[in-house]
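Everything below concerns the one structure shown next.
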């Protein structure tokens, strides 16, 4: 080996040794220091404003989508098509947006996504035909890649002490946006008839009755867009090119390449490089769990609204809303307080397993409440049960038992979902071998979630309809959809026991050991 090559090798080894010593020192300090790094609220506030647009857009049309379709005969079909179109189109492009953010940066991709929300909001608001509304939803889905990119940004601005707490903010913003979006849609749709004294003479709202809620959604998106343009900083750090030998000898270059693995040009990993056995296992359990949850989300309103004779609870929409609202009260505490503490003590993988363990008894026990609802229906006027929240003092013992058991099961479901979904977000970012691969990993996770949102509701509705039309015995009666959800969750749980504990560590921030091969 020439003197030049030895000099280069010596310098690189010294630099690598210094890096490892620095990393080890940093790890020792962090292990001794238990104080959590404060959250960077100056950056988080911008990201949360950006994040808020998607759930508002997704849920704002819920209160008026059936009226917007203007086809009473096939109203359920057309409304389902509008909902599914978003997820179908998002599935087609979410991986592209995640990978693009790894190349050109997080900020420009987020701005493109917000612009897409803005345009699709306006298109839906001025739609006068189903085809136009469907086009707006499809465009929205095609440009909806922000959530995967925001997860990457969260991973890049956090450390091991505050990453769990930061990731818990994402589902929290979804819940806030979902409630806010549905409220906006319900309160401001068709303002000419809802508020004739204020909007009765406004011609544009007479022509476009659903424009006002869309304009309100647009204003929130514009706020997020302005925050992004003026305050959002790029977080993707491009690693500088590695110093190359100055000696112009092909044989010397070959020797140096073999001896100095650290001197290879750093490039983005290919898809096949990233699809390691551990990544495949985590993604597999994510797909199965998301499918089970998507089925549960679709099945619960159907179950609660169906007659007890069909295996349901016989609730009116008011009772369904109250039951879901009460169980959602715990979300703030679970996401902001309980989960970060559990994750720091036990790790994200442990939390992920416990979340799924809590979902299984919920699925198996919930349909048995129909037996109690049937007893109530036979003994008293069912309307007492339906209007129960306004008549607490007049409840019978059976009514009280029904609601206590229902709320307890829904609280278990809420707890399980917070543990499971926050954990899978953490596990996904932990799997990325470098920060330049975070977009791909989060895009792959979002792709799986979008796909299950298409399949899950259709599967749950089909299984429910089939089961109540026949008189089969358990578990092929009205319990069938819930048993299927429990089986899928159990399968997902089983897959987690093949995942190594190393996924609890943020790989992109770890110090990689140097090669010890001899030449």
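Residue numbers (my numbering): 1 to 519.
Just so it is clear, CB atoms sit at the ideal spot from N, CA and C, and this is done for glycine as well.
A quick note: this is a predicted structure, and the numbers were derived from the prediction, not measured.
Kindly list the residues whose CB is nearer than 7 Å to the CB of residue 211, restricted to its own chain and excluding five residues on each side of it in sequence; keep chain order.
Translated into the one-based positions of the chain shown, residue 211 becomes position 211. The residues are 125, 126, 204 and 205.
Three-way DSSP call (helix, strand, coil) for residue 162 in this model
Walking along the chain shown from the start, residue 162 turns up at place 162. Of the three classes helix, strand and coil, the one that applies to residue 162 here is coil, per DSSP.
Per-residue burial, residue 428 [other beta carbons within 10 Å of its own, 16 or more giving buried]
As a first step, residue 428 must be located in the chain shown, where it is residue number 428. Residue 428 should be labelled buried.
When you compare each of 46, 441 and 159 to residue 431 by their alpha carbons, which one comes out closest?
Here residue 431 is taken as the residue at index 431 of the chain shown, counted from 1. Cα-wise, what sits closest to residue 431 is 441.
For residue 145, three-class secondary structure by DSSP:
Here residue 145 refers to the residue found at position 145 when the chain shown is read from its first residue. In the structure shown, residue 145 sits in coil (DSSP, three-state: anything other than H, G, I, E or B).
Chain D beta carbons: is any one of them nearer than 8 Å to that of residue 83?
Included in the structure is just one protein chain, with no chain D present.
Start and end residues, alpha helix (DSSP H) containing residue 196
Locating residue 196 in the chain shown gives position 196, counting from the first residue. 196-199 is the extent of the alpha helix (DSSP H) around residue 196.
Could you check the C-alpha separation between residue 499 and residue 281 for me, to the nearest Å?
Residue numbering aside, residue 499 sits at position 499 when the chain shown is read from its first letter. Residue numbering aside, residue 281 sits at position 281 when the chain shown is read from its first letter. About 7 Å.
Within the same chain, show all residues whose beta-carbon is closer than 6 Å to that of residue 174, passing over the 5 residues directly before and after it, in chain order.
Along the chain shown, one-based indexing puts residue 174 at 174. 55.
Is it the case that the Cβ atoms of residue 372 and residue 409 are separated by a distance below 8 Å?
Mapped onto the chain shown, residue 372 falls at position 372. Mapped onto the chain shown, residue 409 falls at position 409. Cβ distance not < 8 Å, so residue 372 and residue 409 don't count as in contact.
Tell me, to the nearest whole angstrom, how far the beta carbon of residue 496 is from that of residue 300; I am working on the premise that it is less than 8 Å.
Walking along the chain shown from the start, residue 496 turns up at place 496. Walking along the chain shown from the start, residue 300 turns up at place 300. Incorrect: roughly 24 Å between the Cβ atoms, too far for contact.
Kindly indicate the opening and closing residues of the alpha helix (DSSP H) around residue 117.
Your numbering for residue 117 matches position 117 in the chain shown. That run of the alpha helix (DSSP H) goes 106-125.
Sort 490, 462, 444 and 489 by Cα distance to residue 91 and report the nearest one.
Position 91 of the chain shown holds residue 91. Among 490, 462, 444 and 489, the Cα nearest to that of residue 91 is on 444.
With 16 other Cβ atoms within 10 Å as the buried cut-off, status of residue 149
On the chain shown, position 149 is the one that residue 149 refers to. Buried: at least 16 other Cβ atoms inside 10 Å.
Out of 398, 51, 363 and 374, point me to the one whose CA is closest to residue 417's CA.
Residue 417 sits at position 417 when you count from the first residue of the chain shown. If we check each option's Cα against that of residue 417, 363 comes out closest.
Looking at residue 170: is its Cβ nearer than 8 Å to the Cβ of residue 504?
The count along the chain shown starts at 1 and reaches residue 170 at position 170. The count along the chain shown starts at 1 and reaches residue 504 at position 504. Their beta carbons are not under 8 Å apart, which means residue 170 does not touch residue 504 by this criterion.
Can you name, in chain order, every residue of its own chain whose Cβ lies under 6 Å from the Cβ of residue 156, other than the five neighbours on each side?
On the chain shown, position 156 is the one that residue 156 refers to. These residues qualify, in order along the chain: 235 and 435.
How long is the line joining the alpha carbons of residue 186 and residue 465, rounded to whole angstroms?
Working through the chain shown from its first residue, we reach residue 186 at position 186. Working through the chain shown from its first residue, we reach residue 465 at position 465. Answer to the nearest angstrom: the Cα atoms are 29 Å apart.
Touching or not, the segment 287-305 and the segment 477-484, by the rule of three or more beta carbon pairs under 8 Å?
Yes: at least three Cβ pairs fall under 8 Å.
Measure the alpha-carbon distance for residue 356 versus residue 101 and round it to whole angstroms.
Position 356 of the chain shown, counting from 1, holds the residue named residue 356. Position 101 of the chain shown, counting from 1, holds the residue named residue 101. One C-alpha to the other measures close to 31 Å.
Measure how close the beta-carbons of residue 488 and residue 292 come, nearest whole angstrom, since I'm counting them as under 8 Å.
Counting from one through the chain shown, the residue named residue 488 turns up at place 488. Counting from one through the chain shown, the residue named residue 292 turns up at place 292. That belief holds up - the Cβ atoms of residue 488 and residue 292 are roughly 4 Å apart, short of 8 Å.
Report back the beta-carbon spacing between residue 50 and residue 114 to the nearest angstrom; my notes put them in contact at under 8 Å.
For the purposes of this step, residue 50 is taken as the residue at position 50 of the chain shown. For the purposes of this step, residue 114 is taken as the residue at position 114 of the chain shown. Residue 50 to residue 114, Cβ: 6 Å. Contact.
Assuming contact is defined by CB atoms lying nearer than 8 Å, are residue 454 and residue 158 in contact in what I supplied?
Walking along the chain shown from the start, residue 454 turns up at place 454. Walking along the chain shown from the start, residue 158 turns up at place 158. Contact: no.
Counting C-beta neighbours from all protein chains within 10 Å, is the total for residue 446 16 or more, i.e. buried, or is it exposed?
Position 446 of the chain shown, counted from the start, is the residue given in the question as residue 446. Buried is the call here.
What does the Cβ neighbour count give for residue 233, buried or exposed, with the cut at 16 atoms within 10 Å?
Position 233 of the chain shown, counted from the first residue, corresponds to residue 233. So residue 233 ends up on the exposed side.
Give the secondary structure of residue 219 by DSSP, where H, G and I count as helix, E and B as strand, and everything else as coil.
Position 219 of the chain shown, counting from 1, holds the residue named residue 219. Helix.
Helix, strand or coil for residue 187? Go by DSSP, reduced to three states.
As a position in the chain shown, residue 187 is number 187, starting the count at 1. DSSP places residue 187 in helix when its eight states are reduced to three.
If you draw a straight line from the C-alpha of residue 308 to the C-alpha of residue 369, how long is it?
Position 308 of the chain shown, counted from the first residue, corresponds to residue 308. Position 369 of the chain shown, counted from the first residue, corresponds to residue 369. Rounded to whole angstroms, residue 308 to residue 369 spans 9 Å at the Cα level.
Out of 406, 138, 98 and 485, state which residue places its alpha-carbon closest to the alpha-carbon of residue 324.
As a working mapping, residue 324 is identified with position 324 in the chain shown. Of the listed residues, the one whose Cα sits closest to residue 324 is 406.
Suppose contacts are defined by Cβ-Cβ distances below 8 Å. Is residue 217 in contact with residue 60 by that definition?
For the purposes of this step, residue 217 is taken as residue 217 along the chain shown, with counting starting at 1. For the purposes of this step, residue 60 is taken as residue 60 along the chain shown, with counting starting at 1. A contact, by the Cβ cut-off of 8 Å.
Of all the options 486, 420 and 402, which has the alpha carbon lying nearest to the alpha carbon of residue 164?
Start at 1 with the first residue of the chain shown, and residue 164 comes out as number 164. Taking only the C-alpha atoms, the option nearest residue 164 is 420.
Would you please state the rounded distance, in angstroms, between the beta carbons of residue 294 and residue 457? I believe it to be under 8 Å.
Along the chain shown, read from residue 1 onward, the residue named residue 294 stands at position 294. Along the chain shown, read from residue 1 onward, the residue named residue 457 stands at position 457. Rounded, the Cβ-Cβ distance is 6 Å, consistent with contact.
Are residue 310 and residue 176 close, meaning C-beta to C-beta below 8 Å?
As a working mapping, residue 310 is identified with position 310 in the chain shown. As a working mapping, residue 176 is identified with position 176 in the chain shown. Going by C-beta atoms, residue 310 is not nearer than 8 Å to residue 176.
Reducing DSSP to helix, strand and coil, say where residue 477 ends up.
The count along the chain shown starts at 1 and reaches residue 477 at position 477. In the structure shown, residue 477 sits in coil (DSSP, three-state: anything other than H, G, I, E or B).
Nearest to residue 111 (by Cα), restricted to the options 289, 223, 89 and 179:
If you number the chain shown from 1, residue 111 lands on position 111. Minimum Cα distance to residue 111 is reached at 223.
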